[in-house]
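Undergrad:
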Amino acid sequence: MRPHRWAAAAEPRDLGAVVHGPVVLARATGVVAGLRCVFAHADGLSLPFVLRAEGVQAEAAARQSFSGHVPLDEFGPGTWSEPVVAIGVDGDEGLADPSQSSGSGGEDAFDLDATYWVDRLPTDGRLTVTVSWPQAGLPLTRTELELAAWTPQDVLPLL
């Protein structure tokens, strides 16, 4: 695999075509992560991601997300974290930055919704998604997805 960084991008100007349905990506006691679906667009893929936690994992996720700690990429090792999502397409694999992200939670429940953008369509119809958040109890898990065949005519325009 070649290293790559999937940058956040503006939302597409169409509704896309559903090429994969909902899938659980990773699960551990008190925490689960998944994709609502995968949308294909003319110039890439949109991945609506969800993470839910309860109990001790919710408390850990909220503490990691909402405390005033130093992020991992600033001034030292950091004490703040978020789920790590890596995506693989056609031999390129790397971390993905969310285009949108919102979270809420506290001691008993934690909810995170994010959207990831892949600026390329896989030539072989395969997509690899790796997710982890060990600080909140979610182990590293890799999932291979086979995307449904689609054509540009399947993409629904907004206007």
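Residue numbers 2 to 160, in this note's numbering, belong to the letters of the sequence shown in order.
Note that beta-carbon positions come from the ideal geometry of N, C-alpha and C, so glycine has one too.
(1) Using the Cα positions of Gly95 and Ile88, report the straight-line distance between them to the nearest angstrom.
(2) Along the beta strand (DSSP E) that carries Leu128, what are the first and last residues, could you check?
(3) Using CA coordinates, which residue listed in Arg6, Val39, Leu46, Ala54 is at the minimum distance from Gly139?
(4) Taking 8 Å as the cut-off, decide whether the C-beta atoms of Val39 and Val20 are in contact.
(5) Please state whether DSSP places Pro13 in a helix, a strand or coil.
(6) Is there contact between the region 24-38 and the region 147-154, where contact requires at least three CB pairs shorter than 8 Å?
(7) Can you check which of these residues, Leu122, Glu60, Leu48, is closest to Ala97 by C-alpha distance?
(8) Alpha carbon to alpha carbon, what distance is there between Arg14 and Asp93?
(9) Looking at the unbroken beta strand (DSSP E) that takes in Thr124, where does it start and where does it end?
(10) Looking at the structure shown, is Ala8 part of a helix, part of a strand, or coil, going by DSSP?
(11) Going by alpha carbons, who is nearest to Glu147 out of Arg6, Thr129, Asp114?
(12) What is the DSSP secondary structure of Asp155, reduced to helix, strand or coil?
(13) For the beta strand (DSSP E) containing Glu94, list its first residue and its last residue.
TA: Reading off the structure:
(1) Residue 95 sits at position 94 when you count from the first residue of the sequence shown. Residue 88 sits at position 87 when you count from the first residue of the sequence shown. Between Gly95 and Ile88, the C-alpha separation is close to 6 Å.
(2) For the purposes of this step, residue 128 is taken as residue 127 along the sequence shown, with counting starting at 1. Its beta strand (DSSP E) spans residues 127-134.
(3) Position 138 of the sequence shown, counted from the first residue, corresponds to residue 139. Gly is not the amino acid found at residue 139; the sequence shown has Leu there. Checking every option, the nearest Cα to that of Leu139 belongs to Ala54.
(4) On the sequence shown, position 38 is the one that residue 39 refers to. On the sequence shown, position 19 is the one that residue 20 refers to. The answer is yes: Cβ separation under 8 Å.
(5) Within the sequence shown, the letter at position 12 stands for residue 13. Look at Pro13 here: in three-state DSSP terms it is coil, with no helix or strand label.
(6) No, because fewer than three Cβ pairs between the region 24-38 and the region 147-154 fall closer than 8 Å, the two stretches do not touch.
(7) Position 96 of the sequence shown holds residue 97. Of all alpha-carbon atoms in Leu122, Glu60, Leu48, the one lying nearest the alpha-carbon of Ala97 is that of Leu48.
(8) As a first step, residue 93 must be located in the sequence shown, where it is residue number 92. As a first step, residue 14 must be located in the sequence shown, where it is residue number 13. Distance between the alpha carbons of Asp93 and Arg14 is about 25 Å.
(9) Position 123 of the sequence shown, counted from the start, is the residue given in the question as residue 124. Premise fails: Thr124 is in no beta strand (DSSP E) and is neither H nor E.
(10) Within the sequence shown, numbered from 1, the residue matching residue 8 stands at position 7. The answer is coil: DSSP assigns Ala8 none of H, G, I, E or B.
(11) For the purposes of this step, residue 147 is taken as residue 146 along the sequence shown, with counting starting at 1. For Glu147, the closest C-alpha among the options Arg6, Thr129, Asp114 is that of Thr129.
(12) Here residue 155 refers to the residue found at position 154 when the sequence shown is read from its first residue. Looking at Asp155 - three-state DSSP - the assignment turns out to be helix.
(13) Numbered from 1 along the sequence shown, position 93 holds the residue referred to as residue 94. From DSSP, the beta strand (DSSP E) with Glu94 extends over 93-96.
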